[in-house]
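Novice: First the structure, then my questions, so here it is.
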Amino acid sequence: GDQVKQSPSALSLQEGTNSALRCNFSIATTTVQWFLQNPRGSLMNLFYLVPGTKENGRLKSTFNSKESYSTLHIRDAQLEDSGTYFCAARGNNNNAPRFGAGTKLTVKP
Amino acid sequence: ETAVFQTPNYHVTQVGNEVSFNCKQTLGHDTMYWYKQDSKKLLKIMFSYNNKQLIVNETVPRRFSPQSSDKAHLNLRIKSVEPEDSAVYLCASSYWGGHQDTQYFGPGTRLLVL
């Protein structure tokens, strides 16, 4: 929804290239999660973040709580990276996380 | 290997019928959630249960009702389905609060209302 804005909404990458996805938050956010939804619809956990940075293989994610945004960097994109990436923000009131609208990523050979 | 299980995977029904979806988690979490994902892939929170108590009840039609027998189960009943209820319903679980509240999702139940 509007509380979590993801950009871009869609992205096409050549295999082997790099890119970054972004989420901006208009709610006070304490933790952020990034998910990848594959073509079958399963939501896979990528990162769970408190303010700071995490890295896992070709993926790196940063959550900046002061400036209310999070980024997901994809390095050396592979075909299997294709899918829809979602970020979800949880506020300090412990309500259920709010999701962005997603970024549909297509990696082409 | 999924630890959040949903049944059925897919359900087709007629307008006005009642449906019930099941969700079970084996992660020992104390909080469970139901999300609705529409045709545009927007994920909206519907309900959340913490230790069998409703803690979030977003503005959803009254024909939707969550049902929980224990903290490992959270079912969703829809009484008298409408065409706009066609969507994917995703169940998730987590611990409550702190910095251990990572959500884990089930594979979803796809509902088609004819």
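Line order of the protein sequences matches chains A and B.
Residue 124 is where the first sequence ends in the numbering used here, and the numbering goes up by one at each step.
Residue 139 is where the second sequence ends in the numbering used here, and the numbering goes up by one at each step.
Idealized CB from N, CA, C, for every residue including glycine.
All figures in this text were calculated on a predicted structure; none of them were measured in a lab.
Just to confirm the assignment, what range does the beta strand (DSSP E) spanning Glu70(A) have?
Specialist: Where Glu70(A) is concerned, the enclosing beta strand (DSSP E) stretches over 67 to 71.
Novice: Does the count of Cβ pairs from the segment 51 to 58 of chain A and the segment 20 to 34 of chain A closer than 8 Å reach three?
Specialist: The segment 51 to 58 of chain A is not in contact with the segment 20 to 34 of chain A.
Novice: Residues bridged to Asp59(B) by DSSP?
Specialist: Note that residue 59(B) is Trp in the sequence shown here, rather than Asp. Beta-bridge pairing links Trp59(B) to Phe72(B), Cys116(B).
Novice: At what residues does the beta strand (DSSP E) containing Thr32(A) begin and finish?
Specialist: Looking at the DSSP string, Thr32(A) is not in any beta strand (DSSP E), and its letter there is neither H nor E.
Novice: Could you spell out where the beta strand (DSSP E) holding Leu120(A) opens and where it closes?
Specialist: Unbroken beta strand (DSSP E) run through Leu120(A): 118 to 123.
Novice: Please list, in chain order, the chain A residues whose beta carbon lies closer than 7 Å to that of His124(B).
Specialist: The contacting residues are Thr46, Val65.
Novice: Within the 8 Å Cβ cut-off, does Pro132(B) reach chain A?
Specialist: Answer yes: the Cβ-Cβ gap between Pro132(B) and chain A drops below 8 Å somewhere.
Novice: Within a Cβ cutoff of 7 Å, which residues of the same chain sit near Lys70(B), ignoring the five residues on either side of it in sequence?
Specialist: In the sequence under discussion, the amino acid at residue 70(B) is Ile, which differs from the Lys named in the question. Same-chain partners within the cutoff: Tyr58, Tyr60, Val81, Glu83.
Novice: Please check if any C-beta of chain A sits within less than 8 Å of the C-beta of Lys77(B).
Specialist: False, the Cβ-Cβ gap to chain A never drops below 8 Å.
Novice: Quick one: does Gln128(B) have its CB under 8 Å from some CB of chain A?
Specialist: Yes, its Cβ sits closer than 8 Å to a Cβ of chain A.
Novice: According to DSSP, is Asp96(A) part of a helix, a strand, or is it coil?
Specialist: Helix.
Novice: Is the beta carbon of Leu52(B) less than 8 Å from the beta carbon of Ser105(B)?
Specialist: Not closer than 8 Å, so no.
Novice: With a 10 Å radius around its C-beta and 16 neighbouring C-beta atoms as the bar for buried, classify Tyr35(B) as buried or exposed.
Specialist: The residue is exposed, with fewer than 16 neighbouring Cβ atoms inside 10 Å.
Novice: Check the C-beta distance from Ser85(A) over to Val47(A) and give it rounded, since I have them as a contact under 8 Å.
Specialist: Their Cβ separation, rounded to whole angstroms, is 5 Å, which keeps Ser85(A) and Val47(A) in contact under 8 Å.
Novice: Just list the residues that DSSP pairs Pro91(B) with in beta bridges.
Specialist: Note: Pro91(B) sits in a beta bridge opposite Leu101(B).
Novice: With 7 Å as the limit, tell me which residues of the segment 22 to 51 of chain A have their beta carbon closer than that to any beta carbon of chain B; keep them in chain order.
Specialist: So the list reads Thr46, Gln48, given in the order they occur along the chain.
Novice: Out of Gln39(B), Arg88(B), Cys116(B), Asn76(B), which has the shortest C-alpha to C-alpha gap to Pro33(B)?
Specialist: Closest option to Pro33(B), Cα to Cα, is Cys116(B).
Novice: Go to Lys20(A), then tell me how far its beta strand (DSSP E) extends in each direction, as first and last residue.
Specialist: Where Lys20(A) is concerned, the enclosing beta strand (DSSP E) stretches over 19 to 22.
Novice: Where does Asp126(B) land, buried or exposed, given buried means 16+ other C-beta within 10 angstroms?
Specialist: Its Cβ being crowded by 16 or more others within 10 Å, Asp126(B) is buried.
Novice: Can you list, in chain order, the residues of its chain with a C-beta nearer than 7 Å to that of Asp63(B)? Leave out the 5 residues immediately preceding and following it.
Specialist: Once the five neighbours on either side are set aside, the close Cβ partners of Asp63(B) are Ala112.
Novice: Are the C-beta of Thr68(A) and some C-beta of chain B separated by less than 8 Å?
Specialist: No, its Cβ sits nowhere closer than 8 Å to a Cβ of chain B.
Novice: Less than 8 Å between CB atoms is the rule here; does Tyr58(B) satisfy it with respect to chain A?
Specialist: For Tyr58(B), the answer is yes, since a Cβ of chain A falls inside 8 Å of its Cβ.
Novice: Could you check which residue in Lys119(A), Ser80(A), Ser83(A) has the C-alpha nearest to that of Val96(A)?
Specialist: Strictly speaking, residue 96(A) in this sequence is Asp, with Val absent from that position. Ranking the options by Cα distance to Asp96(A), first place goes to Lys119(A).
Novice: Closest to Tyr100(A) by C-alpha separation, out of Phe40(A), Ser83(A), Leu61(A), Glu30(A), would be which residue?
Specialist: Selected option, being the one with the closest Cα: Leu61(A).
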